[in-house]
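If you read the protein sequences in the order shown, they are chains A and B. Oh and the first sequence: position 19 is 19 in UniProt numbering, straight run, nothing missing. Oh and the second sequence: position 221 is 221 in UniProt numbering, straight run, nothing missing. Note that the Cβ used here is the ideal one computed from N, Cα and C, for glycine as well. From a predicted model like this one, the values you see are computed outputs, not experimental measurements.
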Amino acid sequence: MTSPSPPASAAAPASEAPALLEIRGLEVVFGGFRALTGVDLTVRQGELRFLIGPNGAGKTTLIDVITGLTRPASGSVGFAGTSLLGRREHRIVRLGIGRTFQTSVVFEELTVAENIDLAACFRRPLPALLRQRRGTSEAVATALERTGLAGFADRPAGVLSHGQRQWLEIGMLIAQRPRLLLLDEPVAGMSRTERDRTGELLVEIAKDHTVIVVEHDMEFLRRYASQVTVLHEGSVLMEGDVAAVQADARVQEVYLGRPREEKTP
Amino acid sequence: MTARMRGPALFTAVALLVLVVAPAVLDPFRLGLLAKYLCFAIAALGIGLAWGQGGMLTLGQGVFFGLGGYSMAMYLKLHDAGPGNLPDFMVWSGVERLPLLWKPFTSPVFAIAAAVVVPAAAAALLGLLVFRQRVRGAYFAILSQALAAAFTIWLVGQQGLTGGTNGLTHFYDVFGRDPETDGAKRIFYFVVAVVLGALYLLARQLMKSRFGRLLVAVRDGEDRVRFLGYNPATVKTVAFAVSAAMAGIAGALYVPVVGIISPSLLGVVPSIELVVAVAIGGRFSLAGAALGGVLLNWAHTTFSEQYPSGWVYLQGLMFILVIMVAPGGVAGAARWAAEAIGRRRTGRGPSSVPEPAGPTHGQKEVAAP
């Protein structure tokens with residue numbers, strides 16, 4: 001068990017920060033199928049946490065429970081001291097949790113700037129929304145700049161490529177100013193260069209946000225992850241830094257289906 | 001940017017046509033008919049807002065049209081009857097005391113306010129109940145249609161209260177004027193035209209606002225909107241209520257213009273005909289929706305004068321054609337044609353045109369070769 005020394009950053013300070021998300025004994029049942037069985041998960045303020053696991057491990061189900069899409073059979077989900085269970089989706093967003101989806105959904109008829117602007121404005125009361133958007137607000141400008149979509153600000157989102165749509169979703173998420181960001185497979189279907197850019201964007205965002213990333217891509221994980229939670233068949237298999245997870249024999253078995261043979265780059 | 005100027009230029013041109021040219025060339029009878037079409041255009045505008053922009057296929061807009069129409073008609077009946085007297089139809093039905101529901105309608109201010117507020121409130125209530133439960137699409141359409149059916153059945157059944165099948169008619173004094181005179185017809189026409197113009201501008205402003213953008217977002221991805229922190233039910237309810245208020249205003253204006261409001265004008269069939277008109281005019285464009293309201297009703301009258309029973313078939317045919325060939329309706333086709341012409345003018349051939357380009361679009365004319 002030779003574990004190469006971890007990237008040394010993130011992990012240490014995060015462990016002392018207060019817990020932002022606390023999940024205890026979570027059970028989700030679909031029909032007769034138990035999608036999650038007794039999941040415990042704690043994510044601390046400022047953490048960048050990767051959630052990995054083979055298909056059907058329950059990663060997306062977990063995200064769905066946190067964001068109110070799926071009701072659990074039992075267990076608790078606490079966010080900054082309040083329970084999220086039984087709350088409707090938009091209420092959870094208002095508490096400060098934002099998410100993206102595996103297949104990005106952006107509003108194709110609206111311009112890129114309008115998409116981000118809507119994401120930035122949800123805290124305003126309805127009458128305030130009756131005003132027209134004039135110019136570009138600071139939140140929108142920041143999100144456009146961070147995602148590199150400034151050049152597309154006034155184009156309809158429908159013209160964006162797959163990768164750009166994912167960035168737009170991340171931009172919308174930034175504009176939302178959530179306390180916790182949940183990204184569901186942000187680099188799926190992306191080209192290599194797009195993945196690199198997304199990774200850099202992710203690291204940048206993680207500096208001032210708490211982020212949970214569901215990801216399949218092992219190479220992406222190796223490059224950008226620090227803390228990793230491995231899900232398998234609906235429960236947490238292990239938790240630790242990338243190196244420890246990669247070195248773990250059980251993880252290799254369930255995740256790769258065979259002992260690991262490649263080398264870490 | 002000429003694209004910026006084209007909208008206002010077109011609006012001004014249409015306004016001149018409606019306010020100057022039409023009154024000059026049309027005889028009072030035709031002008032009265034046009035006023036009626038413009039009433040339908042107001043209701044169609046509301047459908048354009050709810051359906052085209054908000055994705056709520058409402059097949060019961062006649063209910064709100066009726067609520068507005070009856071509000072106005074109740075005031076006019078009471079005014080004609082004079083203080084302390086019952087409207088004529090009540091006397092014939094053997095009603096001896098003015099029903100409680102009618103009492104506030106002695107006030108014209110109340111009646112006009114009710115014509116706007118009651119439909120909006122009814123729609124808001126329905127919206128709150130239905131959209132919160134995430135009823136949408138075909139289910140909402142069927143529900144709204146059932147409402148129209150129920151409303152007409154109720155109206156017909158309450159002979160003494162509503163005038164039953166005959167509805168409310170025979171108005172002799174509409175705000176100090178005999179509605180049959182040419183002068184009154186002209187005034188009604190101008191009022192309807194100005195209200196339509198104002199509501200169109202209002203709807204446009206609404207769609208340009210953040211709320212409008214949000215409404216489009218709800219139409220295209222209601223579930224995604226929840227994760228932006230908005231409650232789609234609220235957004236839809238507001239838009240539906242505005243659309244109902246427009247139908248109510250249309251109904252209230254219809255009464256003095258045409259001189260009657262009755263259940264047959266606001267049941268399932270008229271409600272669907274309005275939606276068909278919006279589809280043919282172009283539901284994704286507010287102007288298209290209003291245009292559809294005018295065109296279809298004009299075609300209805302004109303065609304029925306020649307072939308009384310042929311209209312239904314023609315209407316059905318047009319609807320099918322629009323659904324199959326031009327989902328954007330007349331407005332969509334016009335936009336497409338304008339873009340094609342624009343491309344021809346700026347560069348030869350569509351492929352040679354760089355994205356925005358084209359500063360040489362015609363000011364407003366679409367038909368120029």
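Interface residues of chain A facing residue i [CB-CB closer than 8 Å]
i                : result
Lys208 (chain B) : Gln132
Thr234 (chain B) : Leu126
Contacts that residue i makes with chain B (C-beta to C-beta distance below 9 Å)
i                : result
Asp117 (chain A) : Arg210, Arg213
Arg94 (chain A)  : Gly229
Residues of its chain near residue i, where Cβ-Cβ distance is below 7 Å and the 5 sequence neighbours each way are ignored
i                : result
Ala247 (chain B) : Ala43, Gly46, Gln61, Phe64, Phe65, Gly68, Pro119
Ile116 (chain A) : Val140, Ala143, Leu144, Gly171, Met172, Ala175
Gln45 (chain A)  : Ala17, Pro18, Leu20, Thr210
Val216 (chain B) : Gln53
Tyr172 (chain B) : Asp80, Asp178
Asp248 (chain A) : Met238
Arg155 (chain A) : Thr111, Val112
Proximal chain B residues relative to residue i, where beta-carbon distance stays under 8 Å
i                : result
Thr67 (chain A)  : Phe227
Arg99 (chain A)  : Phe227
His209 (chain A) : Chain B residues near His209 (chain A): none, gap ~16 Å exceeds 8 Å.
Gln176 (chain A) : Leu228, Gly229
Glu239 (chain A) : Going along chain B, no residue has its Cβ under 8 Å from Glu239 (chain A), so there is no contact; the nearest lies around 27 Å.
Within chain B, partners of residue i - CB distance below 7 Å
i                     : result
residue 289 (chain A) : Because chain A is modelled from 1 through 265, residue 289 (chain A) falls outside the range shown and cannot be assessed.
Leu129 (chain A)      : Ser209, Arg210, Phe211, Leu214
Glu89 (chain A)       : Arg226, Phe227
Neighbour flag for residue i against chain A, beta carbons, 8 Å
i                : result
Val366 (chain B) : Low local confidence applies: a pLDDT of 33 at Val366 (chain B) is under 50, so the model's placement there is unreliable, and no value is given.
Thr237 (chain B) : no
Gly198 (chain B) : According to the sequence shown, residue 198 (chain B) is Ala rather than Gly. Output row for Ala198 (chain B): interface = no.
Ala217 (chain B) : yes
Gly164 (chain B) : no
Residue j beta carbon less than 8 Å from that of residue i
i                : j                : result
Thr67 (chain A)  : Thr61 (chain A)  : no
Thr229 (chain A) : Arg179 (chain A) : no
Leu144 (chain A) : Leu214 (chain B) : no
Leu161 (chain B) : Ala41 (chain B)  : no
Ala289 (chain B) : Val278 (chain B) : yes
Met72 (chain B)  : Ala252 (chain B) : yes
Gly234 (chain A) : Arg88 (chain A)  : no
Asp217 (chain A) : Phe101 (chain A) : no
Asp220 (chain B) : Phe122 (chain A) : no
Pro127 (chain A) : Val254 (chain A) : no
Arg99 (chain A)  : Leu41 (chain A)  : no
Asp208 (chain A) : Gln227 (chain A) : no
Rounded distance between the beta-carbons of residue j and residue i, thought under 8 Å
i                : j                : result
Ala124 (chain B) : Ala233 (chain B) : In fact, because the Cβ distance is near 11 Å, the residues do not count as touching under 8 Å.
Thr58 (chain B)  : Ser144 (chain B) : 5 Å
Leu26 (chain A)  : Gly81 (chain A)  : Going by Cβ atoms, the distance from Leu26 (chain A) to Gly81 (chain A) rounds to 18 Å, so no, they are not a contact pair.
Val77 (chain A)  : Val93 (chain A)  : Actually they do not touch by this definition, with Cβ atoms about 15 Å apart.
Ala331 (chain B) : Gly282 (chain B) : 3 Å
Val312 (chain B) : Ala148 (chain B) : Rounded, the Cβ-Cβ distance is 18 Å, inconsistent with contact.
Min CB distance residue i to chain B below 8 Å
i                : result
Phe122 (chain A) : yes
Leu110 (chain A) : yes
Lys263 (chain A) : Legend: pLDDT at Lys263 (chain A) = 42, less than 50; position of this residue unreliable, value from coordinates given subsequently. Chain B contact via Cβ: absent.
Glu138 (chain A) : no
Glu145 (chain A) : no
Glu204 (chain A) : no
Glu114 (chain A) : yes
Pro6 (chain A)   : Residue confidence is low: Pro6 (chain A) scores 41 on pLDDT, short of 50, so the model does not pin down where it sits. No coordinate-derived value is stated.
Residues near residue i in its chain [Cβ-Cβ closer than 6 Å; skip 5 each side]
i                : result
Thr106 (chain B) : Leu78
Glu239 (chain A) : Thr229
Phe89 (chain B)  : Gly163
Ala35 (chain B)  : Phe188, Tyr189, Val192, Val257
Leu266 (chain B) : Gly62, Phe65, Gly66
Ala119 (chain A) : Met172, Ala175, Gln176
Ala150 (chain A) : Leu144
Gln166 (chain A) : Ser104, Pro186
Val232 (chain A) : Residue identity differs from the one stated: residue 232 (chain A) is His in this sequence, not Val. Taken in chain order, the residues that qualify are Gly53, Ala57, Val254.
Cut-off 8 Å between Cβ atoms - residues of its own chain near residue i, not counting five sequence neighbours on either side
i                : result
Phe190 (chain B) : Leu19, Pro23
Ser191 (chain A) : Gly163
Closer than 8 Å to chain C by CB, residue i
i                : result
Leu129 (chain B) : The chain inventory of the structure shown lacks chain C, comprising the protein chains A and B.
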